[in-house]
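In this note's numbering, the protein residues as written are 29 to 276.
For glycine and all other residues, C-beta sits at the position ideal for the given N, C-alpha and C.
Computed from a predicted model, the values in this text were never measured in an experiment.
Before any comments, here is the structure.
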Amino acid sequence: MTQRLALVTGGEGGIGTEICRQLAAQGRRIVTTCLDPEQENIEQWAQNLRDEGIEADWVVCNVADYSACEAMAEDVRKRFGEVDILVNVAGITRDGFLHKMENEQWRSVIDINLSGAFNVTRQFVAGMRERGFGRVVNISSVNGQTGQFGQTNYSAAKAGLHGFTMALAKEGAPKGVTANTVSPGYVKTSMTAAMPDKVREAIVGQIPAGDMGEPADIARAVRFLCADEAGYINGANLPVNGALFCSF
Ligand code: CAA
């Protein structure tokens with residue numbers, strides 16, 4: 029069987045990099061999107077993975093820009109082939125209480141975290157349907173399930189992302205295309221490192237597992253959902269949060 033191609037948006041981040049590693053271990057060829065190759069030092073990132081024996085490449089794309097996503101998809105097809113597996117990781121926080129939130133804080137989070145998933149997935153899902161195989165995994169958050177102080181923008185985007193997943197799952201199921209959400213809790217990344225220490229420490233104190241998760245905890249869940257054998261798992265929201273939030 030030919031090697032399946034996995035596109036991971038925001039793959040150079042803490043969680044994204046581990047997802048790339050796990051999907052490579054599953055036998056996938058890896059391509060990530062990056063926004064600013066120099067600032068993200070993306071060639072070094074790719075080289076580090078190649079040094080580990082992982083075939084990883086990158087393309088430039090602002091996921092918030094629909095036309096840029098169209099151009100990126102063409103570039104990916106020309107250089108690497110058809111995308112069978114898509115993991116929407118690219119996301120930002122612009123935390124602030126709603127009564128102090130600027131329009132730009134709201135817009136940028138919705139544009140990247142929610143519309144970004146549409147902009148990218150829209151480019152690849154028709155091909156997945158035609159070929160009768162596809163795996164889409166959207167990285168949401170426990171804060172999309174519970175809401176969080178200072179995150180009306182982020183919580184709305186992340187909750188919306190699972191609505192997107194569920195609708196896409198219904199559309200894709202007859203064609204062999206699955207869409208699932210993984211909802212991480214608090215994970216050791218630059219995003220949680222940027223939180224005020226006092227708030228982070230208080231939240232960690234509430235995690236029954238006793239500590240924040242590792243990026244690999246999230247990546248292993250993504251790998252599970254991307255398996256060829258996972259075709260009947262569709263429209264699910266898999267929490268990986270150390271029991272911080274449990275629901276039916
Ligand atoms: N729980 C309880 N109280 C909280 C709180 C929380 N999570 N966050 C803020 N507060 C309280 C503060 O303790 C403070 O109370 P006091 O006035 O009694 O001291 C009050 O709200 C005001 O807080 P600040 O002084 O910090 O106000 P601010 O306007 O400067 O900042 C904030 C508010 C933006 C919410 C800031 O506190 C903050 O950044 N909090 C972290 C938000 C957060 O949890 N982000 C998650 C990032 S990680 C992530 O998003 C990844 C993921 O998917 C899980």
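Segments of 4+ residues assigned as alpha helix (DSSP H) that fall wholly inside the stretch 30 to 108: 42 to 53, 70 to 79 and 94 to 107
What residue does the alpha helix (DSSP H) around V250 start on, and which one ends it? That run of the alpha helix (DSSP H) goes P243 to C254.
May I ask you to list the residues that DSSP assigns as paired with V210? I167 and L266
Within the same chain, show all residues whose beta-carbon is closer than 8 angstroms to that of S218, passing over the 5 residues directly before and after it, in chain order. G41 and G42
How about M219: is its C-beta nearer than 8 angstroms to some C-beta of chain D? Checking the listed chains, one finds no chain D in this structure; it contains a single protein chain.
Report the three-state DSSP secondary structure of V227 (helix, strand or coil). helix
Beta strand (DSSP E) containing V115: first to last residue? I113 to N116
Out of curiosity, what's the CA-to-CA distance linking N147 and A258? 25 angstroms
Is Y214 near the ligand CAA, in the sense that its beta carbon is under 7 angstroms from a heavy atom of that ligand? yes
If you drop the 5 nearest sequence neighbours on each side, which residues of the same chain put their C-beta closer than 6 angstroms to that of E199? none
Which term fits C274, buried or exposed, when burial requires 16 or more other beta carbons within 10 angstroms of its beta carbon? exposed
Is T60 near G44, with beta carbons less than 8 angstroms apart? Contact annotation: T60 and G44 have beta-carbon atoms nearer than 8 angstroms.
Assign G155 to one of three DSSP states: helix, strand, or coil. helix
If you draw a straight line from the C-alpha of H190 to the C-alpha of N208, how long is it? 8 angstroms
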